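Okay, so here's the structure we're looking at.
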Ligand code: SF4
Ligand code: SF4
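Residue numbers (our numbering), protein chains in the order written: chain A, 414 to 815; chain B, 35 to 278.
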């Protein structure tokens, strides 16, 4: 199989790269503004100290861990027909992890200290300490993995792919633990890390479907529909797992008397509930599932791509409804009593996404999108074609061969 | 740049970065154990007597703000309160009970804020005071998420006011909370809020050494007539309330 790069001399390519660069510049500008003025310009405040950047960070890290899984289909499970996507999947995984790290970085009060202090004063008990190690390991592994793929090192690929696959699980379990091991009613949950992994796989697979189909169509390469149909089925399974976790989690909260008010707030308490029901459940999970399971649409590549776009959007909503309701709901300082008067906002707090945050988020996206475009042009990421192996009857049974 | 060069540069930069950070850690490991912690055998705690706290009085809050240069912008979103007064309502039978409660950092024995701090900027001193090293805090705000008492605040904005020149001016980007006026306790002075409360004649606040069986605070705590907030969480708060 031959891999090559795209020419990248079309007007569209240049336009896109300029747009991405402009987004990156806007991101740098807004971040500079936040450093200069203090983080209050992002709209965060003492009751809601985390905002859109944290939502985006966990989202990107999920996309990264998820796309790595796709590369694992070839690297770990030896599914030869997925070899064409391995390079691009690892490259995307690397980029989105960088996106996650950039989002976290731009969210810190003292960005200047982030490069040294967390490593010097490492705190083994803090999820925020453990995660950077996981993230850096993840990037290093991805780089070695890419190298092994580029130079067709068979054994190394297998070893590093297995490592990467397991590591991706750890990375996302760790990210989930930031919230799940937290002391807030709507965070605290041993299920959350596992649910995070499921959501990551769903969003990562969906992203890869969209990227692969898009790139192959745009650069006029041959792509067998069957490969995408199989990925679509894999996506459907991930979506079901995500739904299952969401159900268990919310059923538990609604059932336990102590947690019921929080459950009601979560499910029916405001903007986040709309995102939960409409954005996540209806648009992001149930509709794609119907599309993927219907015979006609489930076999059609355009429909699968459409379903994938919905999942990508749905999981973004999922990230929002994990991070923010947990903060706006606040902690119960006096159970069974009300605070009727205070100098700060008590009870349910409010949060609105601010322009600065949106610009920062776009900026991070611009940076990685630009790197993606650059990679397509300068690295041999794309295969000449992707076909189902004809030596075997179905794509599934080909998995046993190496 | 070809592939090989790109990978080399990328890998090299990352490796160099991480190893520098670790080298630095070894070089500075003396500072790691927080050498500034006095080992006095003491354990500071506080008693808040709600029955003595006066309606409408803000002496302790004002004193704290002045003593520690705590920021006040007149905007409840970003104003910082190391100590604050809230009105709490509860239903007992047919009666609605109302109480004024002072809230501040509880200087927990198991402080979740210190547990989650990724740079050990938040730590517990030997004498029980939970404190933040403002020169180390990266401003991640994880401690604010972890503290069940909402005691942690973040300097989202720069504070232009600087009434007490003996204490550092507050700058944006780091977390803060009540230090129990450790700088005063270290030189055998009472915290600013305690002093202020005494000056207005209320005497609702008391700070003392819980490890010393003869101290006033120990005598009160051991009567069992005190309560702590959210004792069920296992944080072992060191602020005790009378009349909660
Ligand atoms: S009250 Fe909050 S800030 Fe104070 S020690 Fe406990 S957890 Fe930390
Ligand atoms: S905001 Fe500062 S003190 Fe709080 S957890 Fe982060 S680094 Fe530690």
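For every residue, glycine included, the Cβ atom is placed at its ideal position computed from N, Cα and C.
For clarity, every value in this text was computed on a predicted model and none was experimentally measured.
Nearest-angstrom Cα separation, counted from residue j out to residue i
i: residue 751/A; j: residue 739/A; result: 19 Å
i: residue 239/B; j: residue 482/A; result: 58 Å
i: residue 422/A; j: residue 484/A; result: 28 Å
i: residue 809/A; j: residue 600/A; result: At residue 809/A, the pLDDT of 43 sits below 50, so the modelled position is not reliable and the matter cannot be decided from this model.
i: residue 274/B; j: residue 81/B; result: 5 Å
i: residue 464/A; j: residue 670/A; result: 29 Å
i: residue 539/A; j: residue 146/B; result: 10 Å
i: residue 58/B; j: residue 204/B; result: Interpretation of residue 58/B is limited by its pLDDT of 49, a score under 50 that renders its predicted location unreliable; the figure taken from the coordinates is listed afterwards. Approximately 28 Å, taken between the alpha carbons.
i: residue 668/A; j: residue 144/B; result: 30 Å
i: residue 61/B; j: residue 260/B; result: The predicted position of residue 61/B is uncertain, since its pLDDT is 40 and thus under 50; a value taken from the coordinates is nonetheless stated next. Taking the straight line from one Cα to the other gives about 47 Å.
i: residue 253/B; j: residue 209/B; result: 34 Å
i: residue 215/B; j: residue 242/B; result: 12 Å
i: residue 425/A; j: residue 676/A; result: 47 Å
i: residue 267/B; j: residue 150/B; result: 16 Å
i: residue 258/B; j: residue 551/A; result: 53 Å
i: residue 705/A; j: residue 746/A; result: 46 Å
i: residue 736/A; j: residue 524/A; result: 21 Å
i: residue 622/A; j: residue 692/A; result: 20 Å
i: residue 792/A; j: residue 415/A; result: 13 Å
i: residue 724/A; j: residue 697/A; result: 5 Å
i: residue 681/A; j: residue 687/A; result: 8 Å
i: residue 125/B; j: residue 117/B; result: 26 Å
i: residue 626/A; j: residue 651/A; result: 19 Å
Given residue i as reference, the closest of the options once Cα atoms are compared
i: residue 529/A; options: 158/B, 164/B, 172/B; result: 172/B
i: residue 229/B; options: 203/B, 115/B, 97/B, 178/B; result: 97/B
i: residue 578/A; options: 716/A, 545/A, 486/A, 531/A; result: 486/A
i: residue 79/B; options: 93/B, 106/B, 160/B, 85/B; result: 160/B
i: residue 639/A; options: 544/A, 541/A, 713/A, 790/A; result: 713/A
i: residue 591/A; options: 179/B, 208/B, 260/B, 85/B; result: 179/B
i: residue 619/A; options: 432/A, 543/A, 477/A, 664/A; result: 477/A
i: residue 187/B; options: 207/B, 194/B, 247/B, 170/B; result: 207/B
i: residue 233/B; options: 91/B, 168/B, 74/B, 76/B; result: 91/B
i: residue 589/A; options: 604/A, 675/A, 532/A; result: 604/A
i: residue 237/B; options: 245/B, 227/B, 246/B; result: 227/B
i: residue 163/B; options: 252/B, 107/B, 94/B, 213/B; result: 213/B
i: residue 475/A; options: 726/A, 802/A, 776/A; result: 726/A
i: residue 775/A; options: 451/A, 513/A, 534/A; result: 513/A
i: residue 548/A; options: 534/A, 581/A, 641/A; result: 581/A
i: residue 110/B; options: 450/A, 488/A, 456/A, 771/A; result: 456/A
i: residue 194/B; options: 94/B, 106/B, 93/B; result: 106/B
Residues that residue i bridges to, as DSSP identifies them
i: residue 509/A; result: DSSP lists no partner for residue 509/A.
i: residue 274/B; result: 81/B
i: residue 242/B; result: 79/B
i: residue 795/A; result: 417/A
i: residue 131/B; result: 124/B
i: residue 157/B; result: 165/B
i: residue 209/B; result: 188/B
i: residue 138/B; result: 117/B
i: residue 635/A; result: 798/A
i: residue 503/A; result: According to DSSP, which records beta bridges pairwise, residue 503/A is partnered with nothing at all.
i: residue 458/A; result: 461/A
Residue span of the beta strand (DSSP E) that contains residue i, given as start and end
i: residue 751/A; result: 751 to 754
i: residue 766/A; result: Unbroken run through residue 766/A: none, as it is neither H nor E.
i: residue 709/A; result: Where residue 709/A is concerned, there is no enclosing beta strand (DSSP E), although the alpha helix (DSSP H) it sits in stretches over 708 to 711.
Boundaries (first-last residue) of the alpha helix (DSSP H) holding residue i
i: residue 102/B; result: 93 to 102
i: residue 622/A; result: 605 to 631
i: residue 483/A; result: 465 to 488
i: residue 647/A; result: 638 to 668
i: residue 231/B; result: 226 to 233
i: residue 730/A; result: 714 to 742
i: residue 673/A; result: 673 to 681
i: residue 106/B; result: Segment: none, residue 106/B is in no alpha helix (DSSP H) and carries neither H nor E.
i: residue 430/A; result: 424 to 450
i: residue 540/A; result: 540 to 563
i: residue 686/A; result: 684 to 687
i: residue 178/B; result: 176 to 180
i: residue 259/B; result: Residue 259/B -> no alpha helix (DSSP H), and no H or E assigned at all.
i: residue 584/A; result: 567 to 593
i: residue 148/B; result: 146 to 150
i: residue 748/A; result: Counting along the chain, residue 748/A falls outside any alpha helix (DSSP H), and DSSP gives it neither H nor E.
Min CB distance residue i to chain E below 8 Å
i: residue 154/B; result: The structure shown has no chain E; the protein chains it does contain are A and B.
Distance cut-off 7 Å: residue i Cβ against heavy atoms of ligand 3
i: residue 172/B; result: You won't find ligand 3 in this model; what it holds is ligand 1 and ligand 2.
Worksheet item: Can you pull every residue whose C-beta falls closer than 6 Å to some heavy atom of ligand 1, listed in chain order?
Response: Those residues that bring their Cβ nearer than 6 Å to a heavy atom of ligand 1 are 139/B, 140/B, 141/B, 142/B, 145/B, 146/B, 147/B, 164/B, 181/B, 183/B, 185/B, 186/B, 211/B, 269/B.
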